[in-house]
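Student: Dropping a structure here in structure tokens format, bear with me for questions.
4 protein chains.
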Amino acid sequence: MTRLEEEKVFKDPVHKYIYVQDQLIWDLINTPEFQRLRRIRQLGTTYLTFHGAEHSRFSHSLGVYEITRRIISQFERSEYRDWPREEKLVCLCAALLHDLGHGPFSHSIEEVMEFDHEEWSCHIIEGNTEVNRLLSAVEPDFPTKVASIIRKTYEQPIVVNLVSSQMDADRMDYLLRDAYFTGANYGTFDLDRVLRVLRPHQGRIVVKESGMHAVEDYLMSRYQMYWQVYFHPVTRSSEIILRKILLRAQELCHSGYSFRWIPEPIMRLFRQELDVPTYLKLDEALVQTAFAAWTEEEDKLLAGLCSRFLHRKLYKYITFDREHESEAQLCLEELVAAGMNPNYELEIDFPYDLPYHVYRSPVEGQSEGGRGKPPILLLEPHGGLTEISRRSDVVQSITGMHRGQYRLYYDEEAAKLISHRLKPGVLTRLGLDA
Amino acid sequence: MTRLEEEKVFKDPVHKYIYVQDQLIWDLINTPEFQRLRRIRQLGTTYLTFHGAEHSRFSHSLGVYEITRRIISQFERSEYRDWPREEKLVCLCAALLHDLGHGPFSHSIEEVMEFDHEEWSCHIIEGNTEVNRLLSAVEPDFPTKVASIIRKTYEQPIVVNLVSSQMDADRMDYLLRDAYFTGANYGTFDLDRVLRVLRPHQGRIVVKESGMHAVEDYLMSRYQMYWQVYFHPVTRSSEIILRKILLRAQELCHSGYSFRWIPEPIMRLFRQELDVPTYLKLDEALVQTAFAAWTEEEDKLLAGLCSRFLHRKLYKYITFDREHESEAQLCLEELVAAGMNPNYELEIDFPYDLPYHVYRSPVEGQSEGGRGKPPILLLEPHGGLTEISRRSDVVQSITGMHRGQYRLYYDEEAAKLISHRLKPGVLTRLGLDA
Amino acid sequence: MTRLEEEKVFKDPVHKYIYVQDQLIWDLINTPEFQRLRRIRQLGTTYLTFHGAEHSRFSHSLGVYEITRRIISQFERSEYRDWPREEKLVCLCAALLHDLGHGPFSHSIEEVMEFDHEEWSCHIIEGNTEVNRLLSAVEPDFPTKVASIIRKTYEQPIVVNLVSSQMDADRMDYLLRDAYFTGANYGTFDLDRVLRVLRPHQGRIVVKESGMHAVEDYLMSRYQMYWQVYFHPVTRSSEIILRKILLRAQELCHSGYSFRWIPEPIMRLFRQELDVPTYLKLDEALVQTAFAAWTEEEDKLLAGLCSRFLHRKLYKYITFDREHESEAQLCLEELVAAGMNPNYELEIDFPYDLPYHVYRSPVEGQSEGGRGKPPILLLEPHGGLTEISRRSDVVQSITGMHRGQYRLYYDEEAAKLISHRLKPGVLTRLGLDA
Amino acid sequence: MTRLEEEKVFKDPVHKYIYVQDQLIWDLINTPEFQRLRRIRQLGTTYLTFHGAEHSRFSHSLGVYEITRRIISQFERSEYRDWPREEKLVCLCAALLHDLGHGPFSHSIEEVMEFDHEEWSCHIIEGNTEVNRLLSAVEPDFPTKVASIIRKTYEQPIVVNLVSSQMDADRMDYLLRDAYFTGANYGTFDLDRVLRVLRPHQGRIVVKESGMHAVEDYLMSRYQMYWQVYFHPVTRSSEIILRKILLRAQELCHSGYSFRWIPEPIMRLFRQELDVPTYLKLDEALVQTAFAAWTEEEDKLLAGLCSRFLHRKLYKYITFDREHESEAQLCLEELVAAGMNPNYELEIDFPYDLPYHVYRSPVEGQSEGGRGKPPILLLEPHGGLTEISRRSDVVQSITGMHRGQYRLYYDEEAAKLISHRLKPGVLTRLGLDA
């Protein structure tokens, strides 16, 4: 682990400075694979709702690294025995690289194309890349170690726990960063305060008991961000358009349609023929350029959707209370009966899967396996561990939550064209009765 | 001027909220021409130096609008007689639209291609566009009015002055916004304080005398931003690479080189055959996608430069004090003599043309014509006007400033290849003697 | 209602600027009665825990005025019909003056001396004071109107509701202000966002439905402030010392003890012989000066307590879980049995009366009378009103909360003196067994 | 140097947290002498102008300690050879204690009473105090060492330089703190950035060359604070009243006047009979309580001045340009001729002694001796040192500055009484001609 002769810094709006002390970290940041993350936005299409949200996964990855560095530095300074000092470098690498496999608009593309960005992170780390060469130079199985942390199979559970839990550096950075760039200051929490209450303890990162309110503060900011930013109805609308573009283009691709222009990596994405070098060519500039070109495609459906995305002419929506899901379904069916295209002009959305997202307490008889992230544990003065929702009514209140509304998104122009065939009730609901 | 039934807001990290009260403003924001500004970064290649600087001209344009709105609102509330109330709407439109003509990486492209974004703003406003249709609906010559404010020929000089001066809403917003997104908090000044000291006065916007320190504060933040952000040597390096890419590609284009792929609008840019619809297709996604594709072009020079830009492998530099310009020239000549390509592998840069940029006081016998922006005037208690640098030593100190250094940027790999032909002095200077 | 020729401002760290537009408001601020609030700290003894918390009720009162001004200004700008415009001035006066009757360390003194600061606010407004003369000049019964708003008997319920509810300008200002001065940034919420969702509606101030999360944000910041600041165990300790000083001094006073020096207004406070002019002489400088003098009194108990307060030698404490109240009682009894003074050297504290403090939802069959503040109501799209805890699980979670601990505060030096008489269990509990 | 078992923190609004790691620092903070600083405001009477400025010297002293701690910690982390590691503890003590000798409203009292707070700091450190006992326990001459740093005679010049220079921790903390509490955000600079450019170098703290703009930023914030806060005309007015009270009371005291009540320590202050224990009883609560009592003294002059101070009825002022000093003098003389009291009802003020205050460059042939603080030096890449104003035009511009105005402060009521004897010109100047 070679130290840089002089510490280097990045100016960062969220953490003020990001400190790099190791040659390896510096070199990893300067690989083409890591630089590519500059061309992937952290929040996908959210910039169409919050215009400040243009920040990239590059800046987020640096932030995750920095928070991890601070946590480890505090563990070292306090000389906690449960922290394995020799794991520092591998831990920092995993923190820095865990998002390396994110593609353009990953959230939406993953839903449509069924692939997994964490798997791609590992492919890149273990493949024929500059990142791999740098990691291998430390020791031959170093890339595998880093990848196994991302895969959560690393032999030291505390390292996995530090990089991936329900209060990990990843979540802490993106909450603060997304709040900063969107301007949603209700998403802010006191990072220094949270870092001060973390403790390494028997293979886990836990929270000392007096830190309960600090965790509540963090979880409430998460709660606010979910409702105000991540589940914003306009963002959902732009994601729906984006998904429909991908579905239509893939459909055309499979049907042998001849595109005026389609970039090779996107073609291979649709055909599920991606390898690492091609995958690394996928970025949001490419996708957006394809969409811009497709606004002039012959296929009107595709051209229209792309034009909507490019010029931000999103679908409108009406809402239905949670208990009236069937009404939403009925309304959709009537619109289809009147002639609207159920695949491309309509969609029912129910985004409020909160328990999973804001905080999930372990349910009895259910393992934490799969993608589940470990819960937040309080370290009692006598040494026992208590899952936080058992102690905090506030956390409890957002753990079991199932509020929210169904939303029916629709193409308003298309609806107007068939409005003469709609019943008065639906017309009123859509505001087309005037 | 139709008011919206209910005020609409944009969440903005810099101004907290941006308030829209007029239907026209709302509609203008929703045109494809204005939405295109989302795809143009405010600070060009600066994101390669300050990773947070991903913000778009879209957000800046909203900010300029908002500051203008607040200034006018304060003028109205205080019932100043020198403010022509009937100019509000045209003024807000000009503030919102003044950057409409910015192209991708405008600063660099304008230098290479010799065109002017303000002229393009006017073309778009006066051309066959949605923006034009909306403005024309107010009254037939409304687009011309808006364009004439941008051209600084509008009949009401106070409106031109509000939209364009050395302390206009444009500069105020970009200083605050660039400081926010880069994280360079030394670029911050107290906007509320500055707004409170502005006064409309006989066809100009002036500053009441007690506001002198507020203006100094604003100008010093400008000064700091110039040195720390706008003239940052790494940013200059990325701009040099960018310009060289454009020069090489244009050269190839003119010489009949057959690109594997070159987007139509870029081809027409090189051939100076741009019309408004094609111009509107130019955005940074397109340029970046072209660069990415060109990394695989047969022309090694172009491919190499594009690869540098994409993966942020920028040119190194060495500095020469202002008084040693000739040394920089000698050094360059020696490198050329040793075999380096003077057009593509080397460049001397001297960015510190501060008097023009930070603040320019009017020089006797010199008109303010051309692109010169009016100076900042203090309104004395007895009603006279004094140019600020005559009253403030601080402003004076940054007005006549000619410090700064020459920098010789060079392709380090190319220099290494010919290093055996270099004299020891140059080798030492480039750090290649070890 | 005479407007000032030119708007005046106060620079305020919390609201940036406080704007005064009316001559009356300006004059009220400049009365001796209002200036006296500079000598009363907003948070009593909290500065002994959070050293930044030196801010005065003067600054808080200006802040309450400013928030009220902004709310009214927004109601006027939006031309809401349910807002009675003619009530503006009386409402601003009540907001500004509602804390006029606060005495030194009011919270503690009120507990010991059984008086009510709101009653004193009314006495000052209606008594022979400068404030009264200024208000009477508007119209003879104007002081009574202002006082009746504070007494919550004013004929326009919406005005009372604006000045006093569970989300009034008072609470909003003190949360933000206390968070700012203590440095507890987890107590911050987005004021602009909250103000944007308030609506006047049929004699009440309500929240439009989409504002629910904004209210949650506000209530959670309140919740955090209660646990982190207002109920901080060290602050409680200083309040206990303060109360014991007052009790002892009053006891001495009643028993005919001859003080070396006791200020006249404090003597009359103990004798319950206060009139308005004497009351106005009570400030924290006087109380602190008396305490400093009393460190040299012959009565050792009083002198010791005063010395503790002055030099911040507070009582230590041990905690007992809520369900173990009896243990706390037993421990206290044992200490008394061993010789400690139950009145002055010991106290059990249970401060967590949260439902009342953070948010209280109306209980069925219980009126809102007395000092109860009206609940927060959501305005449904169809016009109905719903109390917020019925809609928000988060609010619900902090409404019925009864967590918290008992704390036994004790004089450590006194405990050491009698420690040889204590059982081992108690010794261990107090950490005196080493 | 015993480390605390667990690091302790103070929540601080300016530095977020203040970290205490040594038992000695913790114990020093808890002495009565240091706790007394809670009762001395950092900015004297400034709270009468900026209502937020209630912060104490206690919080400032903690801040100076914290900045010093951070500087040393960075020096240690970077392993700079020119930093003598063994000096850490003595340096931290001096930083913490350097303001220990400040009295109530020190600035004003020092002017009137001719004493020196730094001398008092040393008296307290070397006298029979708890602070002395704690320091002596380290080693017998430790108190002397600490005092000699404050006296600037300590054998290690770099330690003196760290604690006292024109860019020392004292100035850095008070600029940030005063900006925070007044709300004057134009007084903010980027502390992290400044700390990053400091270097220990041959017995001095210098600034690495690339840090020049960071220093400019710091000095400009200082410049803004001087003009906007420290020299604010209203603050000057309150200081004038305060000085006149002290002068009058001292005069009465010397003339044998029998006060209804005068606290012993104040009496001894007037008689210059202060010893350490009595000095420690002087705090602002005591002074303010005396003033409040004196509003009822028989001496009308004293009673009137005290009433003005207590109720903030300050003197009005008129301004004269720097070149018209004689006019100010003439005006004053005329008012005296008409019957005003030259000692108590009038004062000419010229506060703008900027070169001394904002930044003073060393003048040739002039030593740095006495209270002069060392200049700021840039460390050139080749190792030479350059005084900053030789390199920075901005610093140069505020170094030789002699702008500013004379102000004639006067008792407006007294002026009105004799206004019939004044010439029309003076009447107009005072606005008494209407």
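Residue numbers (full-length UniProt numbering), protein chains in the order written: chain A, 1 to 434; chain B, 1 to 434; chain C, 1 to 434; chain D, 1 to 434.
For glycine and all other residues, C-beta sits at the position ideal for the given N, C-alpha and C.
Do H60(C) and Q42(C) come within 8 Å of each other at the CB atom, strictly closer than that value?
Tutor: The answer is yes: Cβ separation under 8 Å.
Student: Which residues of chain D have a Cβ atom closer than 8 Å to the Cβ of D192(A), listed in chain order?
Tutor: Those within 8 Å of D192(A) in chain D are K16, Y17.
Student: Determine, for Q35(C), whether the minimum Cβ-Cβ distance to residues of chain D falls below 8 Å.
Tutor: Yes, Q35(C) counts as interfacial toward chain D.
Student: I think G103(D) touches I124(D), with their Cβ atoms under 8 Å apart; what is that distance to the nearest whole Å?
Tutor: Not quite, the Cβ-Cβ distance comes to about 11 Å (not below 8 Å), so this is no contact.
Student: Under 8 Å Cβ-Cβ, which residues of chain C neighbour I67(A)?
Tutor: None at all; the shortest Cβ gap to chain C is about 18 Å.
Student: How is V9(C) classed by DSSP in three states: helix, strand or coil?
Tutor: Here V9(C) sits in strand by DSSP.
Student: So, with DSSP's three-state summary, where would you put I18(C)?
Tutor: The answer is strand: DSSP assigns I18(C) an E or B state.
Student: Can you check the segment 10-87 of chain C for any alpha helix (DSSP H) of at least 4 residues that lies completely inside it and give the ranges in chain order?
Tutor: If we require 4 residues or more, the alpha helix (DSSP H) runs fully inside the segment 10-87 of chain C come out as 23-29, 32-35, 57-77.
Student: If you draw a straight line from the alpha carbon of Y80(C) to that of E6(B), how long is it in whole angstroms?
Tutor: Going from the Cα of Y80(C) to the Cα of E6(B) covers about 12 Å.
Student: Answer with yes or no whether the minimum CB distance from R312(B) to chain A is below 8 Å.
Tutor: By this cut-off, R312(B) is an interface position.
Student: Is the shortest distance between the beta-carbon of M220(A) and the beta-carbons of chain C less than 8 Å?
Tutor: Yes, because at least one Cβ of chain C sits closer than 8 Å to the Cβ of M220(A).
Student: Taking C-beta pairs closer than 7 Å, name the residues in chain A that S59(B) reaches, listed in chain order.
Tutor: The answer, in chain order, is H51, G52.
Student: Between N217(C) and chain A, is any beta-carbon pair separated by less than 8 Å?
Tutor: Note on residue identity: the sequence assigns Asp, not Asn, to residue 217(C). Chain A contact via Cβ: present.
Student: Just the C-alpha distance for K300(D) and G339(D), rounded to the nearest angstrom, thanks.
Tutor: Going by the C-alpha atoms only, they are around 17 Å apart.
Student: Check H201(D) in the structure and name its three-state DSSP category.
Tutor: It is a strand residue.
Student: Applying a beta-carbon distance threshold of less than 7 Å, which residues of chain A neighbour N185(C)?
Tutor: The answer, in chain order, is D190.
Student: Applying the 10 Å Cβ sphere with the 16-neighbour rule, what's the burial state of E111(A)?
Tutor: With fewer than 16 other Cβ atoms within 10 Å, it is exposed.
Student: Tell me the DSSP bridge mates of D321(C)?
Tutor: Looking at the DSSP assignment, D321(C) forms a beta bridge with Q405(C).
Student: Where do the N-terminal and C-terminal ends of the beta strand (DSSP E) with L385(C) fall, by residue?
Tutor: First-last of the beta strand (DSSP E) with L385(C): 385-387.
Student: Can you list, in chain order, the residues of its chain whose CB lies under 6 Å from that of Q396(C), leaving out five sequence neighbours each side?
Tutor: Cβ within range, chain order: S389.
Student: Is the segment 44-62 of chain A close to the segment 149-168 of chain A, with three or more CB pairs under 8 Å?
Tutor: Contact between the segment 44-62 of chain A and the segment 149-168 of chain A is absent, because fewer than three Cβ pairs lie under 8 Å.
Student: What does the alpha-carbon distance come out to for the pair V336(C) and E345(C)?
Tutor: Rounded to the nearest angstrom, the two C-alpha atoms are 9 Å apart.
Student: Please report the straight-line C-alpha distance between G203(B) and G44(D), rounded to a whole angstrom.
Tutor: Their Cα atoms are separated by approximately 45 Å.
Student: I241(C) to P351(A), Cα distance in whole Å?
Tutor: When rounded, the distance between both Cα atoms is 54 Å.
Student: Let me see if you follow: with CB-CB separation under 8 Å, is H232(C) close to chain F or not?
Tutor: Protein chains in the displayed structure are A, B, C and D, and chain F is not among them.
Student: Kindly indicate if chain D contains any beta-carbon less than 8 Å away from that of Q228(B).
Tutor: Chain D, which has a Cβ nearer than 8 Å to the Cβ of Q228(B), makes this yes.
Student: Using a threshold of 8 Å, state whether the C-beta atoms of L378(B) and E209(B) are closer than that.
Tutor: In contact: L378(B) and E209(B) (Cβ atoms closer than 8 Å).
Student: Given this structure, state the Cα-to-Cα distance separating residue 496(B) from I398(D), to the nearest angstrom.
Tutor: There is simply no residue 496(B) to check, as chain B begins at 1 and stops at 434 in what is shown.
Student: List the residues of chain A that R38(B) touches, going by C-beta distances under 9 Å, in chain order.
Tutor: Chain A residues near R38(B): Y47, L48, H51, E54, R312.
Student: Within the same chain, show all residues whose beta-carbon is closer than 7 Å to that of K281(B), passing over the 5 residues directly before and after it, in chain order.
Tutor: If we look at K281(B) and ignore the five residues flanking it on each side, its Cβ neighbours are P265.
Student: From K416(D) to L432(D), what does the alpha carbon distance come to, in whole angstroms?
Tutor: About 7 Å.
Student: Starting from T289(B), find everything on chain A with Cβ-Cβ shorter than 7 Å and list it in chain order.
Tutor: Per Cβ cutoff of 7 Å: A285, L286, T289.
Student: Determine the chain A residues that contact H213(C) at a beta-carbon separation under 7 Å, and present them in chain order.
Tutor: Correct list: Q224, W227, Q228.
Student: I'd like to know whether the C-beta atoms of M225(D) and D178(D) end up nearer to each other than 8 Å.
Tutor: Against a cut-off of 8 Å, the Cβ pair of D178(D) and M225(D) comes out as a contact.
Student: Could you pull the DSSP bridge partners for L422(D) from this structure?
Tutor: In the DSSP output, where bridge partners are listed per residue, L422(D) has none listed.
Student: Roughly how many angstroms lie between the CA atoms of R3(A) and Q21(A), to the nearest whole one?
Tutor: Rounded to the nearest angstrom, the two C-alpha atoms are 6 Å apart.
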